[in-house]
Ligand code: NCD
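Numbering (this note's numbering), first residue to last: 318 to 751.
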């Protein structure tokens, strides 16, 4: 027999070490709703908890308990899942999931990124992290994430130590995540970790008191990319006179394994009255629990396998690469060409003010049918404004985690070296920020 809902909820919060606030955030409901579920049955304000909420919590608990049971084994392995509860993003916190953000804290981070723009755009220099060391630990391929984290840290005056791939780290000798993480803590002030196993970055976090930033954990999350995407949408919308509240966002491609899409949709769901059109080949749909969370937050979600209808009214078209390297037995989908975003389709199907985004890399090989290069140089394509935004957003993240955000303004000095007016030959000049 099920325990009464109040006991069940209290027990869940205790097990997960979560406050009512963070637990409500995790469930995607308001704190007020959670409060009413916790009241005694006889109270006038008491509400019965929906059955789906009980199921969702049961799943979260099953994961968390699995972790506790496997804790000793995980000390030497890679399979442990959640070990560190989500804590609000702030000084010396880890950054593991977008679930750590409220709309206010995400907006505040974007505002701090604006303040970083003169440095990111090489007009000013800043030394607030002089003497600090970043450990960039990348156990999976990366260009943008690794280099923009390094650039962000360097531009704040800090230095970077790197390790790339398993081959050149002691993990190749069987060292555990725990030992690796604790060791690196003695050498660096903050760690960025990318790893192929979902939940593994949380294990790094469990073994250290220096901030750990999730640079992508398997098919799990990529929270800093989602913050970059949010910031880019804000910038593009401010140029176009639009607001995120009420926007229609089409997300296209591999929504099952594309971790950037998981983080982005959760982050955008902090805004109001969103409409999401999720378009993927069959068998690569967005995980159900994420769709469920978004719907629970009161947004409109439609799932389809066909591009045409889904994108006609969209304000943003976010397209992604098929993540074949993560497939576990799935066949490469047929008719991939029907998901390709190219100039003809954008001209024929989309609003004239569409913003086209992609977390990159795009797969430009024949037969991949990823975002076509024929849109390059078109003002609707914001992909390189998006990659450029990796630097100010990641600077803002470091400044917040290391508690120097208040020192940035007075540390700014003029930069003296030559920089081109635009960074790429196809770049259009858009409204400058900062
Ligand atoms: C993505 C990633 O690694 O998740 N890229 C990125 O970090 N900007 C997307 C991908 O690999 O397709």
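Backbone N, C-alpha and C define an ideal beta-carbon position, used for all residues, glycine too.
As the structure is a prediction and not an experimental result, all values here were calculated from the model.
- In this structure, the C-beta of residue 513 stays at least 6 Å away from each heavy atom of ligand 1.
- With the criterion CB distance below 7 Å from any heavy atom of ligand 1, the matching residues run 459, 461, 462, 533, 539, 542, 575, 576, 577, 637, 638, 640, 676, 677 and 678 along the chain.
- In the DSSP assignment, residue 441 is bridged to 731.
- A Cβ-Cβ distance of about 6 Å is found for the pair residue 507 and residue 718, placing them in contact under the 8 Å criterion.
- About 16 Å separates the Cβ atoms of residue 663 and residue 623, ruling out a contact at the 8 Å cut-off.
- Under DSSP, the beta-bridge partners assigned to residue 617 are 592.
- Using a Cβ-Cβ distance cut-off of 8 Å, the stretch 516-532 and the stretch 491-504 are in contact, since at least three pairs of beta carbons, one from each stretch, lie closer than that value.
- If you draw a 10 Å sphere on the C-beta of residue 345, you find 16 or more other C-beta atoms in it, and that means buried.
- Around the CB of residue 567, 16 or more other CB atoms lie within 10 Å, so the residue is classed as buried.
- For residue 543, the enclosing alpha helix (DSSP H) begins and ends at 540-557.
- Between residue 471 and residue 509 a beta carbon distance of about 13 Å is seen, past the 8 Å cut, so the two are scored as non-contacting.
- Look at residue 499 here: in three-state DSSP terms it is helix.
- Under the 10 Å beta carbon count, residue 564 is surrounded by 16 or more other beta carbons and is classified as buried.
- The beta carbon of residue 330 lies closer than 8 Å to those of 336, 337 and 340 in the same chain, with the five residues before and after it left out.
- The three-state secondary structure of residue 635, taken from DSSP, is strand.
- The secondary-structure analysis by DSSP pairs residue 566 across a beta bridge with 593 and 633.
- DSSP, reduced to helix, strand and coil, places residue 746 outside both helices and strands of the structure shown, so it counts as coil.
- Counting along the chain, residue 712 sits inside the alpha helix (DSSP H) bounded by residues 707-718.
- The criterion of a C-beta distance shorter than 7 Å is not satisfied by residue 548 and residue 640.
- For residue 579, DSSP assigns no beta-bridge partner whatsoever.
- In the same chain as residue 483, and ignoring 5 residues on each side of it, the C-beta atoms closer than 6 Å to its own belong to 456 and 489, in chain order.
- If you check the CB distance, residue 408 and residue 720 come in under 7 Å.
- The beta carbon of residue 562 sits closer than 7 Å to those of 588, 589 and 590, all from its chain and outside the five residues before and after it, given in chain order.
- Residue 698 has 673 as its beta-bridge partners, per DSSP.
- Note on the stretch 405-453: whole alpha helix (DSSP H) runs with a minimum of 4 residues are 420-437, in chain order.
- Within the same chain, and ignoring the five residues on either side of residue 559 in sequence, the residues whose Cβ sits closer than 7 Å to its Cβ are 632.
- In the DSSP assignment, residue 518 falls within the alpha helix (DSSP H) that extends over 517-523.
- Annotation for residue 530: the continuous beta strand (DSSP E) segment containing it runs 529-534.
- The C-alpha of residue 570 lies about 8 Å from the C-alpha of residue 601.
- Ranked by how close their Cα comes to the Cα of residue 411, the residues 729, 498 and 677 have 498 in first place.
- For the set 703, 605 and 695, the Cα lying nearest the Cα of residue 373 is the one of 605.
- Per DSSP, residue 465 is one residue of the alpha helix (DSSP H) stretching across 461-472.
- The alpha carbon of residue 738 has as its nearest neighbour, out of 542, 654 and 438, the alpha carbon of 438.
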